[in-house]
Amino acid sequence: MLMRLLVVLLKIIFFVILVAIGAMFALENNVNLSVNLLLLKGPNLTSGVWLIIFLLAGTILGVLASSASQLFRRKRTSTKKRKETQISE
13 MLMRLLVVLL
23 KIIFFVILVA
33 IGAMFALENN
43 VNLSVNLLLL
53 KGPNLTSGVW
63 LIIFLLAGTI
73 LGVLASSASQ
83 LFRRKRTSTK
93 KRKETQISE
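Numbering (our numbering), first residue to last: 13 to 101.
Shown next, in the form of structure tokens:
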């Protein structure tokens with residue numbers, strides 16, 4: 013129980029530190045720019061904010077891709093196990 017509480021506390025501290033670093037990064041990179049995304053033009057934001065937005069978008073896409081990979085691997089494994097049990101019976 014104590015170990016679980018310690019892990020949760022460390023995760024919270026790590027998250028707060030990351031948010032603080034991101035905020036400092038966004039404040040230090042204060043050059044305004046607008047990003048052109050093919051046919052769309054993004055709003056005029058600072059470069060730090062754009063970098064954080066794209067970092068978060070990449071992180072989310074990476075987690076989604078990893079989750080899809082895990083899902084397909086589990087399905088393939090369960091199908092293989094089901095076939096093996098049918099053969100052994």
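Just so you know, even glycine gets a beta-carbon here, dropped at the ideal spot from N, CA and C.
(request) Out of G74, L51, A35, state which residue places its alpha-carbon closest to the alpha-carbon of S59. (result) A35
(message) Using 7 Å as the threshold, is the C-beta distance between A32 and I64 below it?
(response) Going by beta carbons, A32 and I64 fall outside the 7 Å limit.
(request) Classify V47 as helix, strand or coil using the three-state DSSP reduction. (result) strand
(request) Counting only the same chain and skipping the five closest in sequence on each side, list residues whose C-beta sits under 8 Å from that of N55. (result) Before going further, note that residue 55 is Pro rather than Asn in the sequence given. So the qualifying residues of the chain are S46.
(request) To the nearest angstrom, report how far apart L52 and K95 are at their CA atoms. (result) 50 Å
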